[in-house]
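Have a look at the structure below before the remarks.
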Amino acid sequence: RADRARFVLAALRLAGAAWLSAGSCAFEESACGYEWHYGHLPWTLNGEGHYISVDRSHEGEKAILSSPELHSEEWSCIRLIYQIASTSEPSSDPTRLNLYLRQEGESFDRLLWSAKEPSDSWLIASLDLANSTKKYKIVLEGEMGKDKSASIAIFEIKITPGYCIECDFEENHLCGFMNRWNPNVNWFVGGGNIRNSQSVLPKDHTLNSELGHYMYVDSVYVKHFQEVAQLISPRTTAPMSGCLSFYYQLKQESSIVFTVYLRDMSGFYEEIWKTESALSAAWTVAEVDFNAPYPVEVIFEVAFNSAKGGYVALDDIAFSPVYCSNQTGISFNPAEASCNFEEDLCNFYQDQKDGPGWSRVKVKRNVYRAGDHTTGFGYYLLANTKFTSQPGYIGRLYGPTLPGNLQYCLRFYYALYGFFKMSGTLAVYIFEENHVVQEKIWSVLDSPKGVWTQAEISFKKPMPCKVVFVSWCKSFWDCGLVALDDISLSLGSCQAADLLPPNPGECTFEKDECMFTQKKQGRGSWRRRRGPTPTSYTGPRGDHTTGVGYYMYIEASDMVYGQRAYLTSRTLRGTSGKLCLTFFYHMYGAGTGLLSVYLKKEGDDEEIPLWRRTGEQSISWLRGLIEYESEKNHQIIFEAIRGMSIRSDTAVDDILFQAGSCLEVEEIQFSSGYPDSLNEIEF
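So in full-length UniProt numbering, spot 49 of the sequence shown is number 49, and the numbers just go up one at a time.
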């Protein structure tokens with residue numbers, strides 16, 4: 001039987017070597033169809049060490065390595081074994097390795113993963129690829145940074161069907177599972193017929209053989225009460241829900257606690273399973289419903305109370321997108337608790353006895369009163385509690401019921417007008433239906449008057465709950481207007497969401513100019529700024545992204561009449577379908593000039609005009625939409641022309657490129673100033 005098991009294992013390993021799935025490469029004798037780009041630093045295949053590497057021995061800033069075209073309609077896992085070597089101290093421009101997904105029909109590569117930590121050993125990264133019908137390529141980008149002696153090496157890329165949290169522990173890299181080091185108790189690899197092993201079991205579960213491998217932890221070296229060993233899975237990188245299963249054995253002489261947790265990016269633990277039996281001498285299967293709409297790690301934790309505690313063994317961790325109990329699970333869609341108020345109140349409502357504290361209103365484009373946040377000329381909610389029927393000048397807006405025991409991130413935009421003291425004029429409460437408890441989770445302290453400002457709140461409640469927005473005036477004499485728009489709810493904490501890679505093709509200018517560059521610097525140039533522009537009665541008072549962030553603008557007082565400034569995107573890949581460009585522009589000031597958007601195709605001399613606005617438009621940020629096509633590689637150019645006077649500051653923000661047609665279409669692509677109806681509020 002032992003001979004048969006050895007034969008099975010050898011056959012499996014041979015099959016594994018022969019069957020390297022498309023896109024996988026061990027870089028032993030070739031690059032397996034991976035290609036490097038000659039405009040950048042070259043990658044070198046190292047035959048002796050079986051890896052591919054890049055260093056600064058040639059002139060250049062970066063190196064690109066792209067896979068052959070791949071196609072997988074099943075969920076798959078990319079495992080990358082790599083090393084970054086750098087001798088310099090941490091700097092603002094470190095050596096970095098990025099991995100992008102390049103899907104057909106997309107002009108932008110999607111950043112899946114990035115690492116900059118140097119190490120003296122090989123590291124492993126595991127990345128989930130959700131199922132898709134689109135063909136794709138994997139693109140590796142090495143940014144060499146300032147360190148002249150830096151190098152990046154890739155030992156292996158392996159793409160396997162299934163999920164990265166699955167593992168049978170038969171391979172050296174253990175699927176990227178890591179033991180959290182503890183001086184006394186740790187998870188070890190068991191099995192494999194290792195003579196000096198402390199292995200506690202005769203056979204693993206995968207192969208049912210002494211040659212197979214599993215993970216185990218025992219209490220031999222326990223020194224203290226409640227010693228804990230943790231085995232940590234790779235972090236999920238795509239939303240997933242279904243059934244997590246694993247096999248375990250447990251032998252205890254004094255109490256052992258074997259628990260499985262989920263841990264999110266902000267360090268929050270959620271228990272999902274705990275052992276119930278005191279003993280399971282044979283391999284026992286455990287199944288648990290698993291819901292990870294945001295990145296999490298699965299942690300297998302064993303706590304011992306004494307050195308005679310016993311042991312726990314673990315093998316064959318698997319995942320299925322179908323819930324264990326064949327139920328649909330919690331199919332809560334956070335979009336149900338989001339609203340931009342363009343059509344109606346969505347799932348938000350007011351209590352009849354409160355009176356109409358909140359009204360859905362629209363402001364036509366004008367130069368006195370700001371419009372909504374969504375488009376600049378759409379609908380938002382306005383609370384004027386001075387005239388509510390209830391005493392206390394309070395207006396409440398209730399959201400829909402949210403399932404309990406989920407981590408939420410609530411974001412919304414608010415603007416305040418006419419208050420002497422702003423603090424407390426808008427607050428957010430959590431209303432727990434079962435306990436009729438209201439808990440205040442946020443209230444406004446201070447904000448720029450009349451500027452759409454973003455608020456974000458993370459919360460988690462054990463019971464179902466509702467979010468309630470409360471507008472409040474302290475007295476009749478200090479009672480202004482509270483505006484509310486673009487409420488959005490997502491799963492996971494706001495901090496975890498901020499750590500995710502940015503959307504491809506999106507630029508908010510919060511960190512830098514992203515994919516945009518200037519044709520020339522100096523007087524006729526775009527500048528990145530936050531807060532109001534220096535000249536009064538022109539330019540925005542805050543950015544569109546958060547109200548307190550950055551935007552790009554031209555400073556008219558440093559330019560002469562008719563002078564131009566160009567903001568040019570980097571070269572975008574041509575695609576066969578339509579593309580949608582969304583952006584926000586601000587043209588306020590009596591002397592405002594022109595803002596134009598052009599398409600420049602590779603190899604063409606002429607720039608194609610796509611969109612233009614002339615003269616003063618509004619005191620609000622307005623949304624621009626452009627639908628265009630280009631099978632050639634191309635660039636998008638924003639051109640601002642300074643107008644008649646210094647009150648001609650023109651700004652842009654929140655630029656977004658998307659594949660496919662625009663969901664809405666702007667009727668007028670080329671137009672001049674604002675309409676005559678000034679400062680009208682439509683109720």
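Note that CB positions come from ideal geometry on N, CA and C, so glycine has one too. The model shown is predicted, which means the values in this text are computed figures rather than measured ones.
By the three-class DSSP mapping on this structure, what secondary structure does Q352 have?
Reduced to three states, the DSSP call for Q352 is helix.
To which residues does DSSP link I272 through a beta bridge?
Note: I272 sits in no beta bridge, so no partner.
Given 8 Å as the limit, is there contact between the region 166-181 and the region 134-153, that is, 3 or more CB pairs closer than that?
With the cut-off at 8 Å, the region 166-181 and the region 134-153 do not touch.
Could you round the C-beta distance between G376 and W621 to whole angstroms and report it? I think they count as a contact, below 8 Å.
Sure, about 5 Å apart at Cβ, within 8 Å.
If I follow the unbroken beta strand (DSSP E) through L231, where does it start and stop?
Element bounds for L231: E227 to I232.
What does Y585 pair with, by DSSP beta-bridge criteria?
In the DSSP output, where bridge partners are listed per residue, Y585 has L622 and V652.
Would you decide whether R570 is buried or exposed? Buried here means 16 or more other CB atoms lie within 10 Å of its CB.
By the 10 Å Cβ count, R570 comes out exposed.
Do I232 and E297 count as a contact pair if the criterion is CB distance below 8 Å?
Annotated as proximal: E297 and I232, with beta-carbon spacing under 8 Å.
Where DSSP assigns a beta bridge to residue 702, which residues make up the other side?
Outside the modelled stretch of the chain, which goes from 1 to 683, sits residue 702, for which no answer is possible.
E73, DSSP secondary structure in three states
Coil, per DSSP.
Name the residue from H586, K600 and A22 whose alpha carbon lies nearest to the alpha carbon of R613.
If you compare the alpha carbons of H586, K600 and A22 with that of R613, the shortest gap goes to H586.
Residue range of the unbroken alpha helix (DSSP H) whose run includes D498
Note, D498: alpha helix (DSSP H), C494 to L499.
Flag this pair as yes or no: are the beta carbons of C324 and E271 separated by less than 8 Å?
Between C324 and E271, the C-beta spacing is not below 8 Å.
According to DSSP, is G395 part of a helix, a strand, or is it coil?
Annotated three-state conformation of G395 is strand, per DSSP.
Would you list, in sequence order, the uninterrupted beta strand (DSSP E) runs of no fewer than 3 residues that lie entirely inside the UniProt domain "MAM" (23-166)?
List check, beta strand (DSSP E) in window: 44-46, 51-55, 62-66, 76-85, 96-103, 110-115, 123-129, 136-143 and 151-161.
Could you check which residue in M515, F420 and L567 has the C-alpha nearest to that of G524?
The residue with the shortest Cα to Cα distance from G524 is L567.
Can you tell me the Cβ-Cβ gap for L211 and G192, rounded? I've got them flagged as a contact below 8 Å.
Yes, they are in contact, since the Cβ atoms of L211 and G192 sit about 6 Å apart, within 8 Å.
Which value, in whole angstroms, describes the spacing of the CA atoms of D605 and Q635?
One Cα belongs to D605, the other to Q635, and the distance between them is close to 12 Å.
Whose CA, out of M265, L581, T206 and A455, lies closest to the CA of F638?
When only C-alpha atoms are compared, the closest one is L581.
Return yes when the Cβ of R541 is within less than 8 Å of the Cβ of P534, no when it is not.
No. Outside cutoff.
In three-state DSSP terms, what is P239?
DSSP, read as helix, strand or coil, puts P239 in coil.
Local Cβ density within 10 Å of V470, reported as buried at 16 or more and exposed below that:
V470 is buried by the Cβ-count criterion.
Please classify G49: is it buried, with 16 or more other beta-carbons within 10 angstroms of its beta-carbon, or exposed?
So G49 ends up on the exposed side.
Once you ignore the five residues that flank H58 on each side, which residues in its own chain have a CB closer than 8 Å to its CB?
Setting aside the 5 residues that flank it on each side, H58 is surrounded in the same chain by L41 and P42, each with a C-beta closer than 8 Å to its C-beta; the list follows chain order.
Reduced DSSP category for A335 - H, G, I as helix; E, B as strand; rest coil:
In the three-state scheme derived from DSSP, where H, G and I count as helix and E and B as strand, A335 is classed as helix.
Output the distance between the C-alpha atoms of N380 and T453, rounded to the nearest integer angstrom.
First, the amino acid is wrong: residue 380 is Tyr here, not Asn. Taking the straight line from one Cα to the other gives about 14 Å.
So which of V361, S255 and T160 has the shortest CA-CA distance to Q306?
A quick correction: the sequence has Ser, not Gln, at residue 306. If we check each option's Cα against that of S306, S255 comes out closest.
Which residue or residues does DSSP assign as beta-bridge partners of Y417?
Residue pairing by DSSP places Y417 opposite L481 in a beta bridge.
Check whether W187 and V217 have beta carbons under 8 Å apart
Against a cut-off of 8 Å, the Cβ pair of V217 and W187 comes out as a contact.
Inter-residue Cα distance where the pair is A313 and I457:
Using only the alpha carbons, I get a separation of about 41 Å.
When we look at the beta-carbon of K274 and count the other beta-carbons within 10 Å, is it buried (16 or more) or exposed?
By the Cβ-count criterion, K274 is exposed, with fewer than 16 other Cβ atoms from all chains shown falling within 10 Å of its own Cβ.
Would you please state the rounded distance, in angstroms, between the beta carbons of P400 and E336? I believe it to be under 8 Å.
The pair is a contact, with the Cβ atoms about 6 Å apart (cut-off 8 Å).
Can you say whether F476 is buried or exposed, counting buried as having 16 or more other CB atoms within 10 angstroms of its CB?
With fewer than 16 other Cβ atoms within 10 Å, it is exposed.
Cβ pair count under 8 Å reaching 3, the region 101-112 against the region 480-498
With the cut-off at 8 Å, the region 101-112 and the region 480-498 do not touch.
Could you say which of V139, F670 and K203 lies nearest to E69 if we only look at CA atoms?
Of the listed residues, the one whose Cα sits closest to E69 is V139.
Can the beta-carbon of L610 be found closer than 8 Å to that of E666?
No, the pair does not count as a contact, with Cβ atoms beyond the cut-off.
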